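Undergrad:
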Amino acid sequence: MKVVIIGAGVSGTLTAVGLARAGHDVQVFERAPELRDGGNGVMVWHNGTGIMKDLGLRLDGLGRRIDAADVWSYDGRPLMRTDMARIADELGTPGLGVMRGRVMERAVEVLPPGTLRFDKRCIRIEEVGTGRDAHVVAHFSDGTTCTADLLIGADGYRSVVRRHLFGDVLPRAMGLASWHGTTKVPIRLESEHVVPTYYGRVGLCTIHPVGEGLIHWAFEVPWQGALQHLPAGREAADASERPRAGSRLAALRKDFGTWAAPVRELLDAIGEDDIGVAPHLLHRVDGPWGRGRITLVGDAAHVVPPRVGMGVNQALEDAWVLSRVTATGDDPAAALRRYERARRPRAKRIHSTAKMMQRVNPLLLLLRRTRRGLDGTKMLRANILRGSSFLNDDVR
Ligand SMILES: Cc1cc2nc3c(=O)[nH]c(=O)nc-3n(C[C@H](O)[C@H](O)[C@H](O)COP(=O)(O)OP(=O)(O)OC[C@H]3O[C@@H](n4cnc5c(N)ncnc54)[C@H](O)[C@@H]3O)c2cc1C
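Per the UniProt record's numbering, the sequence shown starts with residue 1, numbered consecutively.
1. List the residues that DSSP assigns as beta-bridge partners of residue 139.
2. Determine the burial state of residue 364: buried for a count of at least 16 other Cβ atoms within 10 Å of its Cβ, exposed for fewer.
3. Go through the region 185 to 233 residue by residue and report every complete run of the alpha helix (DSSP H) that reaches 4 residues or more, in order.
4. Relative to the C-alpha of residue 309, which candidate in 338, 258, 14, 40 has its C-alpha closest?
5. Ordered along the chain, which non-local residues of its own chain (more than five positions away) have a Cβ less than 7 angstroms from that of residue 118?
6. How big is the Cα-Cα spacing for residue 257 and residue 76?
7. For residue 323, I'd like the list of residues in its chain whose CB is within less than 7 angstroms of its CB, leaving aside the five on either flank, ordered along the chain.
8. Once you ignore the five residues that flank residue 120 on each side, which residues in its own chain have a CB closer than 6 angstroms to its CB?
9. Check whether the region 94 to 110 and the region 282 to 289 touch, using three or more Cβ-Cβ pairs below 8 angstroms as the test.
10. By DSSP's criteria, residue 21 is part of a beta bridge. Which residues make up the other side?
11. Rounded to the nearest angstrom, what separates residue 356 and residue 303 at their Cα positions?
12. Can you tell me where the beta strand (DSSP E) with residue 180 in it begins and where it stops?
13. Which stretch, first to last residue, makes up the alpha helix (DSSP H) that contains residue 320?
14. Given the structure, does residue 352 come close to ligand 1, in the sense that its CB is under 8 angstroms from one of the ligand's heavy atoms?
15. Taking the alpha-carbon positions, what's the residue 58 to residue 49 distance?
16. Per DSSP, which one or two residues make a beta bridge with residue 150?
17. For residue 126, verify whether its CB is less than 8 angstroms away from any heavy atom of ligand 1.
18. Suppose only complete runs of 4+ residues qualify. What are the alpha helix (DSSP H) ranges in the region 83 to 122, listed by chain order?
19. Is residue 120 near ligand 1, with its Cβ less than 8 angstroms from a heavy atom?
20. Under the criterion of a Cβ to heavy atom distance below 8 angstroms, does residue 169 qualify as lining ligand 1?
21. Could you give the distance in angstroms between the alpha-carbon of residue 12 and the alpha-carbon of residue 369?
22. Put residue 362 into one of helix, strand or coil per three-state DSSP.
23. Do you know offhand how far residue 336's Cα is from residue 135's?
24. Within this structure, are the beta carbons of residue 14 and residue 319 separated by less than 9 angstroms?
25. I need the straight-line Cα distance from residue 299 to residue 153, nearest angstrom please.
26. Taking C-alpha atoms, which residue in 157, 330, 200 lies nearest to residue 172?
27. State the DSSP-derived secondary structure class of residue 236, mapped to helix, strand or coil.
28. In the DSSP assignment, find the beta strand (DSSP E) that holds residue 159 and state where it starts and stops.
29. Any heavy atom of ligand 1 closer than 8 angstroms to the CB of residue 157?
30. CB of residue 219 to nearest heavy atom of ligand 1: below 8 angstroms?
31. Between the alpha carbons of residue 24 and residue 37, how many angstroms are there, rounded?
32. Counting only beta-carbon separations shorter than 9 angstroms, does residue 349 have a partner in chain C?
33. Who are the near neighbours of residue 87 in its chain, counting only those whose CB is closer than 6 angstroms to its CB and skipping five residues on each side?
Listed below in structure tokens is the structure:
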């Protein structure tokens, strides 16, 4: 089949890998003049690295293996430890902290030459014909078109494809934002393979080693900006969209400056220009994701806030399932509906987790009264795997 993918972000490039491996003729159209491989660190959980291997992507030298995730209170008391190495032993594949762009690079290196087309902004989609003769036409801002058997919207949370299918349905802003960056910071961490996150009532601070001597750090704080004005990539650049006026660094120091040592040291080491602001967004996922020969993947279908750490993982799961359901030569529209049915329960669970995690700070802080904190390994294992039975079932 000929497949057109709109958007060459993480999900567009990964879906292209999956569909090319399933034997399809794939073209990815990206509006930017080159691959937008910027961004900060992301988590690829154990099932995500398993999918990467299955899609034929190299893992060697990619990011940092994460062996444990620790939750601390703002004043440095242990609340929870999650043994990710144990999950890795059990599942046979590691969890990684990695720069977003590095995942895209690994996808692009296995794509057939000429798969990616840049400077191609999709402005309109046309659905032509019915049944076996149906096809889809993508129209681009330069006046060109491309006709295909299937069209996949991988064009992020403000997707043109989503708008074509369902009208202008923006995700919900959750009232929080990550103030984050990735820099070399001379702070003392327990290990390059442990992610510490500090929780307080005002927000949280998380510190992720992502390899290459870099650390991705993020502070979660309240955010009340206007979603409509956000540029792509979710960074709120305009000062009016900042949670509070004035210097970002000064605001962070005011809220987090008295926290436990690595947080204070981090705030001494970063500069004003290092701090980007990414609002937390959440799509409804219980409605349809597609129609006829069209479907959605990644943030176009199910954007979630970074606290859940599932953006890249969900893109991998989408790519993997799509590659399986389209490999049989069955009716293409029916294959897309199978993909949506397989993925929706998982996306719904992640959606619920995202809503629950937004309210979890006061509960976690109750654990300050315990001496050693909880073991979160079972909970994480369940979160990684729950609802992903499609990875074991034959979704074909
Ligand atoms: C530049 C950038 C930086 C990011 N940084 C982070 C980060 O630091 N941390 C984090 O958790 N998440 C980040 N994200 C979001 C993260 O990539 C996603 O949450 C997740 O990986 C799913 O990706 P996606 O491919 O569905 O969406 P995206 O990564 O948003 O990719 C969508 C792609 O579609 C393209 N596109 C959009 N509209 C059109 C159109 N009409 N025609 C053609 N192409 C179009 C965009 O230019 C973009 O390349 C970033 C996204 C971008 C684009």
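Even for Gly, the Cβ is constructed at its ideal location relative to N, Cα and C.
Quick caveat: nothing in here was measured; it's all calculated off a predicted structure.
TA: By the coordinates alone:
1. Residue pairing from DSSP places residue 139 in a beta bridge opposite 124, 145.
2. It is buried - the Cβ of residue 364 has at least 16 other Cβ atoms within 10 Å.
3. Listed in chain order, there is nothing to give.
4. The candidate whose alpha carbon is nearest that of residue 309 is 40.
5. Setting aside the 5 residues that flank it on each side, residue 118 is surrounded in the same chain by 30, 32, 33, 34, each with a C-beta closer than 7 angstroms to its C-beta; the list follows chain order.
6. The alpha-carbon atoms of residue 257 and residue 76 are separated by roughly 13 angstroms.
7. Within the same chain, 18, 19, 21, 22 come within 7 angstroms of residue 323 by CB-CB distance, once the 5 residues on both sides are set aside.
8. Excluding residues within five positions, the ones whose Cβ falls inside 6 angstroms are 29, 140.
9. Fewer than three pairs of CB atoms, one per stretch, sit closer than 8 angstroms, so the region 94 to 110 makes no contact with the region 282 to 289.
10. The partner list for residue 21 (beta bridge, DSSP) is empty, contrary to what the question assumes.
11. Spanning the two alpha carbons is a distance of roughly 16 angstroms.
12. Counting along the chain, the beta strand (DSSP E) containing residue 180 begins and ends at 172 to 183.
13. Element bounds for residue 320: 311 to 325.
14. Incorrect: residue 352 has no Cβ contact closer than 8 angstroms to ligand 1.
15. Distance between the alpha carbons of residue 58 and residue 49: 10 angstroms.
16. Per DSSP, the beta bridge partners of residue 150 are 3.
17. Using a cutoff of 8 angstroms, the CB of residue 126 does not count as near ligand 1, since none of the ligand's heavy atoms is closer than that.
18. Within the region 83 to 122, the complete alpha helix (DSSP H) runs of at least 4 residues are 84 to 91, 100 to 108.
19. Yes.
20. Outside the cutoff, so no.
21. Roughly 46 angstroms between the two C-alpha positions.
22. Residue 362 falls in the helix class under three-state DSSP.
23. Computed Cα separation, rounded: 14 angstroms.
24. For residue 14 and residue 319, yes; Cβs fall inside 9 angstroms.
25. Approximately 9 angstroms between the Cα atoms of the pair.
26. Considering only 157, 330, 200, the residue with the shortest C-alpha distance to residue 172 is 157.
27. For residue 236, the predicted structure reports a pLDDT of 49, less than 50, and the residue's modelled location is therefore unreliable. A value from the coordinates is still provided. In this structure, residue 236 counts as coil in the three-state DSSP scheme.
28. Unbroken run through residue 159: none, as it is neither H nor E.
29. For residue 157, the shortest separation between its Cβ and any heavy atom of ligand 1 lies below 8 angstroms.
30. For ligand 1, not one heavy atom lies less than 8 angstroms from the Cβ of residue 219.
31. Their backbone Cα atoms lie some 25 angstroms apart in a straight line.
32. Considering every chain present, this structure includes no chain C. It has just one protein chain.
33. Excluding residues within five positions, the ones whose Cβ falls inside 6 angstroms are 46, 381.
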